[in-house]
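Counting the sequence shown from 1 gives a position; my numbering is that position plus 21. C-beta: ideal position from N, C-alpha, C; glycine also. Contents: one structure, followed by commentary.
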Amino acid sequence: MSKVDVDQTVRDLEAGKTPAWITEHLRKYRETGGAEGHLFDSSVGGGVGLVTSLLLTTVGRKSGEKRTSPLFYGTAGDAYVVIGSKGGAATQPAWYWNLLANPTVEVQVAREQFTARARVATGKEREQLWEQMVRVYPPYRDYQRKTKREIPVVVLEKESALT
């Protein structure tokens, strides 16, 4: 994969378009059942190499339809941690608004699929998890500098396996 233009990605997302590289990553993840796509070469977007990614499926707060987003993740105990960066855009990602409206989500990590309860980390927990995720993907810090909003840190607490 060639280098990703993060600013163009943000413009596309703000315009309601999914960039081709995200569509391709999602396709590969789904078609291989998570065998491919779980590890993503973040250097294409300014990262430092391979990072782990998951698929987060939320229910659209307006449409009621399922929406899936590939996201980099870290862990906190048995939970997974994702960041609502949207590349430092001025607005929150749609998936974030969706999980606020309905915190029961579906998650796929490699080949494992499960339901989870999403919650937004706050206070000291947020600070600690934010720093952990910046170590996973350093450009998050640059994204925070680009926007006036506080980029959310979301914890996904596993509930039950999906079959």
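Could you name the residues that DSSP lists as bridge partners for residue i?
i, result
"L76", "P91 and Q129"
"I104", "V174"
"T96", "Y101"
"V141", "V175"
"A182", "F135"
"D33", "In DSSP, D33 forms no bridge with anything."
"L60", "T73"
For residue i, count neighbouring C-beta atoms within 10 Å of its own C-beta (all shown protein chains included) and say buried if the count is 16 or more, exposed if not.
i, result
"L183", "exposed"
"T107", "Contrary to the premise, residue 107 reads as Lys rather than Thr in this sequence. Label assigned to K107: buried."
"V186", "What is shown of the chain runs 22 to 184, which leaves residue 186 out entirely."
"L120", "buried"
"G85", "exposed"
Report yes if the CB atom of residue i is closer than 8 angstroms to the CB atom of residue j, and no otherwise.
i, j, result
"Y164", "G109", "yes"
"F61", "V157", "no"
"Q113", "R170", "yes"
Contact check, residue i vs residue j under 8 angstroms by CB: the rounded distance?
i, j, result
"A122", "R88", "Incorrect: roughly 12 angstroms between the Cβ atoms, too far for contact."
"A97", "L150", "6 angstroms"
"T53", "P40", "Incorrect: roughly 20 angstroms between the Cβ atoms, too far for contact."
"A56", "L177", "Wrong, their Cβ atoms sit about 21 angstroms apart, outside the cutoff."
"L77", "W116", "6 angstroms"
Any chance the region 135-154 sits against the region 38-53, with 3 or more Cβ pairs inside 8 angstroms? Counting C-beta pairs with one atom in each stretch, the region 135-154 and the region 38-53 have fewer than three that are closer than 8 angstroms, which means they do not touch.
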